[in-house]
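Numbering (my numbering), first residue to last: -11 to 685. Only one structure is covered here, and it is reproduced in the block below.
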Ligand SMILES: Nc1ncnc2c1ncn2[C@@H]1O[C@H](COP(=O)(O)OP(=O)(O)OP(=O)(O)O)[C@@H](O)[C@H]1O
Ligand SMILES: [Mg+2]
């Protein structure tokens, strides 16, 4: 896939220049000086020869086929070259120039024209506005970056050209090898998804890294990532996410959902390892590219000083790694040679006068304990220890180890050469213990993803026709917000249980309905203009008799008239009171990139204060619905604390899956809440007592 980009048998540089420092010169020079073996054609109408290669006035005058064209001309000249590519049957081009959609409408128009023409001519494009690409297997450096990264197994793509330059320099300094390096630029044609798929298929690439500011086609991106991530780790840092929800949202879900939630959910659901920063992106890369994945959460920490050991232990607490006590037989073996002041619990503190021999012996014993799945080795450069000798011992032992070994030699001057030894021998080395722990934690969650069950989707019978009719009538009335009774109909069509509920237009009617339903009842204002009823004094709960119902009717209607005089009052809903159950919230919102997103959380009227919610992109699988229920902080409450019975978790899962299906079936739903869904102890039905849905044409 994209073969001509990464392993072309011939490359043309259009706009090749004779002047060093010019992009057209630097790219040609990079192609020629790093051992690329294919044919290279400089294209420049004003030159006979450049850098020892015969130059041609234009593409069509080259007397051979061209697999890849690097266009290093200013934006206005690019379209004409693409035309030539069409004539010359060049099917792959990299467009370096800036001056397209990133500069504004005029640039966007030029870019649109380019995309349309290239599509018509069957030409695939990387860029525009990019640094170029590098493939170490074919020794092709078709970029204007300074230097060629060492060969390695990391495939990297970035939406920022500038970041590519920084990372290349970092890689050269850290001796980190790359298989492929792609600057995506404006992603007019080829985006992260194709590049990920190509790296997914590339034998030289073992770990895929990415820097993204946006995703082009969310569902397609997720599908590709799921496919690849079962076999190859994908680690991505995403910048530019918003935390704040849509200010103008009419639902709690809309108010709580930010694009960061969408990305987080999308990454979780497609096995992408979400790096919070460039720092962790490369910390993770070092570990994933060089060490085996841990077969379980049990970790051992070896340290020659308490402080760093505690820092690492604290970081463990916040991770899914277990710092469980060292097994007795292992502890006994350690005791045979460690001084009495040493600690053999975990962290194993071999104390400040530890030498490289003591490190070696300790690591040997720890590596033999097969209940331990990973090792983090810490060192502070005391006078007693020779960091280099320790590093060498670790390198020797790591050769036969089948569990990940990560190190953090703290300090700088005295540990620099030891770190260099680790670099040269593929042992990840971190400046701080916490970084080693978070890298190992990422490896563990990735392992869990790989071993995770196949996704199961459930399908429900639903009365779609009924829903379609209701939406049509709402749109016909130029409304977007469904009134509560309409929203209830929608949920009913998707099999949700709802409390019995009827509209009363007078106090008298309210009393009749209440007695038919049976006391106690709940009463709520019915108005298309009142969004959050409680805020307006529009809800009364626990009304036990006719007198209370009469008072409530008056209080509710007058409260609305007082606080929201313009509100249209249709009446007051009289509703069966659901007497027990925990209040959770379910919601739908729509993310620009990833489409419908489902929210779950602790519900009720304090939902926007607690913000204890989890998000996933629809369609939800059974596992994902279950995972998001367990994701919220209040999950222990649902499982039952202080002798309380657990609630019907399966009932919540069922409700989430129904809502996910509704969101997929009806793209016109912009946002919506079920708040609360009252969840009762197992065996009793969950009941949606309040619903809100907003649609668009
Ligand atoms: N049928 C019912 N049975 C039991 N409790 C109920 C019922 N209806 C409402 N409640 C209680 O009243 C609270 C507020 O009611 P409801 O959710 O309908 O109003 P709201 O203020 O519009 O909600 P929101 O915060 O979602 O905007 C609920 O959180 C719940 O505690
Ligand atoms: Mg509510």
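In this text, a Cβ means the ideal position worked out from N, Cα and C, and glycines have one as well.
Worksheet item: What's the C-alpha gap between residue 114 and residue 188?
Response: What you label residue 114 is simply residue 126 of the chain shown in a count that begins at 1. What you label residue 188 is simply residue 200 of the chain shown in a count that begins at 1. Approximately 18 angstroms, taken between the alpha carbons.
Worksheet item: What residues match up with residue 142 in a beta bridge as DSSP calls it?
Response: Within the chain shown, the letter at position 154 stands for residue 142. Residue 142 is bridged to 166, 195.
Worksheet entry | Enclosing beta strand (DSSP E) for residue 639 [first to last residue] | Position 651 of the chain shown, counted from the first residue, corresponds to residue 639. Unbroken run through residue 639 is the alpha helix (DSSP H), 637 to 653; no beta strand (DSSP E).
Fill in: Contact test: residue 664 Cβ vs ligand 2 heavy atom, cutoff 7 angstroms
Your numbering for residue 664 matches position 676 in the chain shown. Result yes, Cβ under 7 angstroms from ligand 2.
Fill in: DSSP state of residue 42 mapped onto helix, strand, coil
Translated into the one-based positions of the chain shown, residue 42 becomes position 54. Of the three classes helix, strand and coil, the one that applies to residue 42 here is strand, per DSSP.
Discussion item. Less than 8 angstroms between the beta carbons of residue 5 and residue 29, yes or no?
Written reply: Here residue 5 refers to the residue found at position 17 when the chain shown is read from its first residue. Here residue 29 refers to the residue found at position 41 when the chain shown is read from its first residue. Against a cut-off of 8 angstroms, the Cβ pair of residue 29 and residue 5 comes out as no contact.
Fill in: Length-filtered (4 minimum) alpha helix (DSSP H) runs lying within the stretch 206 to 257
206 to 217, 240 to 244, 247 to 257
Worksheet entry | Counterpart residues of residue 584 in DSSP-defined beta bridges | Your numbering for residue 584 matches position 596 in the chain shown. Its beta-bridge partners are 578.
Practice prompt. Enumerate in chain order the residues of its own chain whose CB-to-CB distance from residue -5 is below 8 angstroms, with the five nearest sequence positions on each side excluded.
Written response: As a first step, residue -5 is located in the chain shown; it is residue number 7 there, counting from the start. So the qualifying residues of the chain are 123, 125, 126, 128.
Item to complete: Could you tell me whether the Cβ atoms of residue 502 and residue 481 are closer together than 8 angstroms?
Response: Numbered from 1 along the chain shown, position 514 holds the residue referred to as residue 502. Numbered from 1 along the chain shown, position 493 holds the residue referred to as residue 481. Not in contact: residue 502 and residue 481 (Cβ atoms no closer than 8 angstroms).
Item to complete: Give me the Cβ distance between residue 597 and residue 588, rounded to the nearest whole Å; I'm assuming they're in contact under 8 angstroms.
Response: Locating residue 597 in the chain shown gives position 609, where the first residue counts as 1. Locating residue 588 in the chain shown gives position 600, where the first residue counts as 1. No, residue 597 and residue 588 are not in contact; Cβ-Cβ is about 17 angstroms, not under 8 angstroms.
Discussion item. Excluding the 5 residues flanking residue 474 on each side, which residues of the same chain have their C-beta closer than 6 angstroms to its C-beta?
Written reply: Here residue 474 refers to the residue found at position 486 when the chain shown is read from its first residue. Hits under 6 angstroms: 458.
Discussion item. Just to confirm before moving on: does the CB-CB distance between residue 376 and residue 343 stay below 8 angstroms?
Written reply: Reading the chain shown from its first residue, position 388 is the one you call residue 376. Reading the chain shown from its first residue, position 355 is the one you call residue 343. No, these two residues do not count as a Cβ contact at 8 angstroms.
Worksheet item: Cβ of residue 653 within 7 angstroms of any heavy atom in ligand 2?
Response: Translated into the one-based positions of the chain shown, residue 653 becomes position 665. Because no heavy atom of ligand 2 lies under 7 angstroms away, the Cβ of residue 653 does not count as near it: no.
Item to complete: Could you check the C-alpha separation between residue 58 and residue 70 for me, to the nearest Å?
Response: Looking up residue 58 in the chain shown gives position 70. Looking up residue 70 in the chain shown gives position 82. Their Cα atoms are separated by approximately 11 angstroms.
Worksheet entry | Rounded C-alpha distance that separates residue 566 from residue 309 | Taking the chain shown and counting its residues from 1, the one referred to as residue 566 is at position 578. Taking the chain shown and counting its residues from 1, the one referred to as residue 309 is at position 321. Using only the alpha carbons, I get a separation of about 42 angstroms.
Item to complete: On a CA-only basis, which of 323, 381, 371, 333 is nearest residue 351? Give me that one, please.
Response: Within the chain shown, residue 351 is the residue found at index 363, counting from 1. Out of 323, 381, 371, 333, 381 has the C-alpha closest to the C-alpha of residue 351.
Discussion item. Within 8 angstroms, do at least three Cβ pairs link the stretch 130 to 139 to the stretch 156 to 172?
Written reply: yes
Worksheet item: Does DSSP put residue 89 in a helix, a strand or coil?
Response: As a first step, residue 89 must be located in the chain shown, where it is residue number 101. The answer is helix: DSSP assigns residue 89 an H, G or I state.
Discussion item. Please tell me whether, using a cut-off of 7 angstroms, the distance from the CB of residue 565 to the nearest non-hydrogen atom of ligand 1 is below it.
Written reply: Taking the first residue of the chain shown as position 1, residue 565 is located at position 577. Under cutoff, so the answer is yes.
Fill in: Rounded separation between residue 629 and residue 212 - CA only
Residue 629 sits at position 641 when you count from the first residue of the chain shown. Residue 212 sits at position 224 when you count from the first residue of the chain shown. In a straight line, the C-alpha of residue 629 is about 41 angstroms away from that of residue 212.
Worksheet item: What's the call for residue 691, buried or exposed, on a 16-neighbour Cβ count within 10 Å?
Response: One cannot answer for residue 691 here, as it falls past the ends of the chain, which runs -11 to 685.
Worksheet item: Got a sec? Which residues, its chain only, sit under 6 angstroms from residue 179 by beta carbon, not counting five neighbours each side?
Response: Start at 1 with the first residue of the chain shown, and residue 179 comes out as number 191. 204, listed in sequence order.
Worksheet item: Within the present structure, is the beta-carbon of residue 523 separated from the nearest heavy atom of ligand 2 by less than 7 angstroms?
Response: Position 535 of the chain shown, counted from the start, is the residue given in the question as residue 523. Flag unset: Cβ of residue 523 not near ligand 2.
Practice prompt. Measure from the C-beta of residue 628 to each C-beta in chain C and report whether the shortest distance is under 8 angstroms.
Written response: This model lacks chain C altogether, as it is built from one protein chain only.
Practice prompt. Quick one: residues in its chain with C-beta nearer than 7 angstroms to the C-beta of residue 14, no 5 flanking neighbours on either side, listed in chain order?
Written response: Within the chain shown, residue 14 is the residue found at index 26, counting from 1. 132, listed in sequence order.
Worksheet entry | residue 683 burial status per 10 Å Cβ neighbour count (16 or more: buried) | Indexing the chain shown from 1 puts residue 683 at position 695. Residue 683 comes out buried.
Item to complete: Determine the closest residue to residue 396 out of 466, 300, 590, with distance taken between C-alpha atoms.
Response: Residue numbering aside, residue 396 sits at position 408 when the chain shown is read from its first letter. Among 466, 300, 590, the Cα nearest to that of residue 396 is on 300.
Worksheet item: At what residues does the alpha helix (DSSP H) containing residue 267 begin and finish?
Response: Against the chain shown, residue 267 aligns to sequence position 279. Unbroken alpha helix (DSSP H) run through residue 267: 266 to 278.
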